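Notes follow once the structure below has been shown.
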Amino acid sequence: MNRLNNLPTLRINPSEKRTLKYKGQTYQGVSGDTVATALFANGVRVYARSLKYHRPRGLYSLDGECSNTCMEVDGIPNVRTENTLLKDGVTVKEQNVVGSADLDMMGFMDKLDWMMPAGFYYKTLHKPAWIWPLAMKQVRKTAGLGAITPDFRIKGRYEDIYPKADVCVIGGGAAGMTAALAAAESGRRVILLEARPWLGGCFDYRSAPYEDGRPLFERARELAVQVREAPNIRVFTHAPVIGVYNNNLITAFQVGGPKDSFTERYIQIRATGLVVATGCIERPLLFENNERPGVMQVGCAHRLARTYGLLPGTQAVFSVGHDLGLEAAIDLFDLGLKISCVADIREDGQNPELLLGLKERKIAFLRGWVATDAEGGKSIKKAHLSTVDGTISKSYDCDVLVASAGLTPVTGPVTLAQGKTAYDHHTGCFLVTETPKGMHVAGRMTGRNHPRSIEASGRLAGLQAVADCGLDRAADIDAAEKTLAMLPGPERGTKLVTAPIKGRKTFICFDEDTTIKNIKQAIEMGFDVPELIKRFTSAGTGPGQGGIPGHNLPLYVAKYEALDTKPPKPTTVRVPLTPTLIATYAGANHDMHKRTPAHHIQKAAGGVFRRIGVWRRARYFSSDFTCREEILNVRNNVGMLDASTLGKFRVHGPDALKALQRVYVSDIAKLKEGRVKYSAMCNDDGCVIDDGVIVKKGENDYYLTTSTARAGATAEWFRYHTRYEGWDFAVVNLTDAMGVVNISGPNARKVLEKVVDADISNEAFSFSGYREFTVAGAVPVRAMRLGFVGELSYELHVGASCMPALWKIIQEAGKEFGIQPFGVEAQNVLRMEKCHIILGQESEQRTNLLDVGLGFLWDRKKTDAKTVGAVALKQTEGDTGRLTLVGFQMEDSARAPRDGSIIVDNRVRGYVCTARRSFSLNEAVGMALVDSQLSDIGTRLEIFEDECNGQRLYCKVVPRPFYDPEGKRMKM
Amino acid sequence: MSLTLTCPICGKRNGYEFRYGGEDKGPRPAEEGLSPRSWCEYVHMNKCVAGVQKEWWFHRDGCGTWFTTHRNTLTNLEVEEPEATS
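So the protein sequences, as listed, match chains A and B.
In short: position in the first sequence from 1, add 113, done, that's our numbering.
In short: position in the second sequence from 1, add 1, done, that's our numbering.
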């Protein structure tokens, strides 16, 4: 197809060729083309088939307001090809067709519309009940849009940015640009968002004269240059808005160009002042077969020629209701389109200059006429017109029918942020009547169409928005208001809702194949509110986000119900205003994690790392994930573990003890210096949330540890539960400032003795003791004797920067004793054999202190401390039927159930927390939370494992702990 | 997500930085004589005001302060402390 290659308005570069693959053939497009216009240039007129009836669909709005041109592009389904710039070498496929879009074997569905009245889903296909699963499969096969394969992985780079602006302007048309320039005058930071890849809005493609006689597109380009040159305006083009929220939070996404580092990026803007200048889309004209390929809106036909250099057809009929339609007819005629006639819904009120223009070109002009049918198959052959009252009719041969009822303001960004709209009888539109604080509207969405009025309203809104930032612009605002008042105001709009037709094939919503007839049926059934009719008929729930039915549906409902007392009420607009890729929301997807100070040493030692909470930790030190060697080396010899992820805190200040008494269930006042106390924290329901040890370093000066998972919330927890008290204490988070080496095993003392200057014999440094000494004469450590893994064990806390040195010193000293590092999994098995619990593993949200057998930690006497959880523990103490922690031994000693398997009899009675085959005991053992009735020693439990195929596992409840029940080994 | 809050130390910040701490219900009651019902009411029952309420917030991704502020639950906007009504 020959392009109009020399128009000054073009947004394509005809000399830069682009190719695309479609139906096995290679087609040519040019740089600047959308996928849809490139296909159009190659003669494609049918892009897709519709959802239900498989009707052929073609270019209609060229702005993504319907799914007509949704196709699969490079494997991504439902791409709005009319909004998607053509990249070289893309592959394009049709969707929802059997065969091709041109010859769809499912085309017969169009004849079956009588079988599918509004809401037929709700009424049929479900009685008897067994019908539905079968019917569902068939429905899914025939109806729908694109499909995606489950293993599809999107290509490209997705980013996210969070800029802050004093003033944000949505819409880069004349009003938006003027607003941005006015706001930028005061030097404030302005962000301008434009959905199309260029600035210009409705001026961009029009050659109608601006006030000084220059064409509008020149004015648009002049404004665009000013905007680009303003240093404090940041422009995002090709950046459609997703949502607007109160407090002026704006979300959008930007499509990256060839020079950008991103494919798409999510943008979240916080602005003080906001100008919405989103302009208008067109209100579709309702007549029979109003979506047949070849029927298109005024803007579509006009922009196709002016922006992309493509004439929409050869012989056209226009059926319009707005001066923009007359302007387009004249312009397209001059560009070479033959026009049979221009029918205008309006009897009068047209711009006389435009009428003169039509007359000069000898284009037949019909006042008060409207299209009633587009006859044809996959393209139009004939347009049938009639007078608005339907009494007289005529037909014209044509291949294009340019049809539009009028304009519709794009108020979505306003109503999303709780702004209000109301039906305006003068314009026939829903106009904004109320905006939230800090939001202003401008441009065509206010009903103004005169170019000077559009700009003046933009300037006013820009000044008002910058005044929201605290600047005194009262004088300028006053002047701008006066200027605007002198200029032409909103124009009278057409009220016509439908052409005089029956409406069996008059589509009010293209995406969902909803006809006027369906709406009538819904109203007859008693649905009276557009919002409910939308739900029942699904009109406006498709990918076009209500762009097509948004305005017509409430008008039609109001007209059909003929209630003059109720003004038409539009349906609710919701986010996303523009369909957005999930990849764009996901953004760059950083894997943010923390590394311990011994990370690299462990890596070099063969550590296999896993994500655990916010950390990456060495989970294994060999490819044997049962950790046999690691475990046995700790049990029989000595091992070392990096425990740096423990939460570590200093709590000090005059009221430190009071704070500890509040959050810990034990009586911390009894703790002596030089000793370590194990205790736990509960929440106000008595459910246990954390355990750890506390060391008293001095009067009201404590050092404590928390579990890895709770480290982040501990300071918050202390302060929350003391927030009314005004106590004087500080919580210092030392988690990242300290590293921890744990040396465990019967030879642990021998290793440590070699490198310390202190007496660490069992008498001088006994179990639960705390000492401070120096390792290798240089590294000061805080040492605790604990027994989490059930062996003689020293936990050395050291400044993070000394951690690598300490690790090496211990490893060197331990060489002669065969010291080996062990990972988190080995520790997990070791402590499980000893029945030492890990909260979150042996507990869940409902598990309280007593359920896990830690009741001995709770001191009931310190009621004055108002300990968190104490009240609930007291009140639930006698409760029966709770899940209780038990130890169990498998009947088959070689087979441990998977963690999380459920305990069953004829119903679920609990679940397995941790279970492993124990090399120390030669048994398979574990811990489970079970109904307290099943917790007696000797009870046989039945375990249901995922995918067990009916094969249950059996175990019996045994006393805890399994390993070293007297606890001699950790005290030796 | 559009909420902003004014931290007494850091000033007006994005709502994402804070953790909600519930309605302001006053200090913990004394443990003596608490019935399960009265305790449960203190811990779990909320007024759920449709309008302005006083509530606790924690500046988690900031200075780590717990503070109270007033928020209109209908608009999800922080508001000035309302004048005391008799």
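Virtual Cβ for every residue (Gly too), placed ideally from N, Cα, C.
This structure is a prediction, so every number in the text was calculated from the model and none was measured.
Contact with chain B by residue i, beta-carbon distance below 7 angstroms
i	result
Glu829 (chain A)	yes
Arg832 (chain A)	yes
Gln958 (chain A)	no
Val984 (chain A)	yes
Arg168 (chain A)	no
Leu362 (chain A)	yes
Tyr836 (chain A)	In the sequence on display, residue 836 (chain A) carries Arg and not Tyr. Taking Cβ atoms only, chain B reaches closer than 7 angstroms to Arg836 (chain A), which makes this a yes.
Lys979 (chain A)	yes
Tyr358 (chain A)	yes
Thr976 (chain A)	yes
Asp797 (chain A)	yes
Gln988 (chain A)	yes
Neighbourhood of residue i by C-beta, 6 angstroms cutoff - its chain only, sequence neighbours within 5 removed
i	result
Gly766 (chain A)	Asp841, Phe842, Ala843
Cys938 (chain A)	According to the sequence shown, residue 938 (chain A) is Glu rather than Cys. For Glu938 (chain A), where only same-chain residues beyond five positions count, the Cβ hits under 6 angstroms are Arg732, Tyr733, Cys740.
Ser87 (chain B)	The predicted position of Ser87 (chain B) is uncertain, since its pLDDT is 49 and thus under 50; no value can be drawn from it.
Identity of the residue in the options nearest residue i by Cα
i	options	result
Pro406 (chain A)	A:Arg708, A:Glu568, A:Val159, A:Leu437	A:Val159
Arg565 (chain A)	A:Gly286, A:Lys790, A:Phe901, A:Asp223	A:Gly286
Phe1057 (chain A)	A:Pro1010, A:Met1040, A:Val1070, A:Asp1044	A:Pro1010
Ala154 (chain A)	A:Gly787, A:Ala161, A:Val527, A:Val143	A:Val143
Lys974 (chain A)	A:Cys542, A:Gln774, A:Ile394, A:Lys494	A:Gln774
Arg788 (chain A)	A:Arg898, A:Pro710, A:Gly825	A:Arg898
Glu84 (chain B)	B:Thr76, B:Leu78, B:His71	B:His71
Phe722 (chain A)	A:Pro680, A:Gly936, A:Gly1080, A:Glu129	A:Gly936
Local Cβ density within 10 Å of residue i, reported as buried at 16 or more and exposed below that
i	result
Thr534 (chain A)	buried
His703 (chain A)	exposed
Ile629 (chain A)	buried
Asp146 (chain A)	buried
Pro169 (chain A)	buried
Trp58 (chain B)	buried
Gly968 (chain A)	exposed
Val686 (chain A)	buried
Val808 (chain A)	buried
Trp482 (chain A)	buried
Lys216 (chain A)	In the sequence under discussion, the amino acid at residue 216 (chain A) is Leu, which differs from the Lys named in the question. Exposed.
Ser736 (chain A)	exposed
Gly23 (chain B)	exposed
Cys454 (chain A)	buried
Ser432 (chain A)	buried
Neighbour flag for residue i against chain A, beta carbons, 7 angstroms
i	result
Ser87 (chain B)	Confidence is the limiting factor: at Ser87 (chain B) the pLDDT is only 49, short of 50, which leaves the residue's position unreliable, though a coordinate-based value still follows. Not an interface residue.
Phe59 (chain B)	yes
Pro28 (chain B)	yes
Gly65 (chain B)	yes
Val44 (chain B)	yes
Arg5 (chain B)	What sits at residue 5 (chain B) in the sequence shown is Thr, not Arg. Cβ-Cβ to chain A under 7 angstroms: yes for Thr5 (chain B).
Pro37 (chain B)	yes
Close Cβ partners of residue i (< 7 angstroms) along its chain, the five nearest in sequence each way excluded
i	result
Pro549 (chain A)	Asn359, Ala530, Gln531, Gly532
Ala871 (chain A)	Arg884, Phe886
Val845 (chain A)	Phe762, Arg763
Gly503 (chain A)	Pro613
Cross-chain neighbours of residue i in chain E, by beta carbon under 9 angstroms
i	result
Glu33 (chain B)	The chain labelled as chain E is not found among the protein chains of the depicted structure, namely A and B.
Neighbourhood of residue i by C-beta distance below 8 angstroms, restricted to the same chain and skipping five residues each side
i	result
Lys979 (chain A)	Arg775
Gly890 (chain A)	Asp870
Closer than 6 angstroms: residue i CB and nearest the ligand ZN heavy atom
i	result
Leu398 (chain A)	This structure simply doesn't include the ligand ZN, nor any ligand for that matter.
Is there contact between the stretch 289-301 of chain A and the stretch 340-353 of chain A, where contact requires at least three CB pairs shorter than 8 angstroms?
yes
Count the C-beta pairs between the stretch 843-853 of chain A and the stretch 751-758 of chain A that are closer than 8 angstroms, then say yes if the count reaches three, no if not.
Cβ pair count under 8 angstroms is three or more, so yes.
Using 8 angstroms as the cut-off, can you tell me whether the stretch 1065-1072 of chain A makes contact with the stretch 13-23 of chain B, which would need three or more C-beta pairs spanning the two stretches below that distance?
no
For the pair the stretch 723-731 of chain A and the stretch 910-924 of chain A, tell me if three or more CB-CB distances fall below 8 angstroms.
No, the stretch 723-731 of chain A does not touch the stretch 910-924 of chain A.
Would you check if there are 3 or more beta carbon pairs closer than 8 angstroms linking the stretch 506-524 of chain A to the stretch 48-56 of chain B?
no
Spell out a yes or no on whether the stretch 419-427 of chain A and the stretch 461-468 of chain A are touching, meaning 3 or more CB-CB pairs, one atom from each, closer than 8 angstroms.
no
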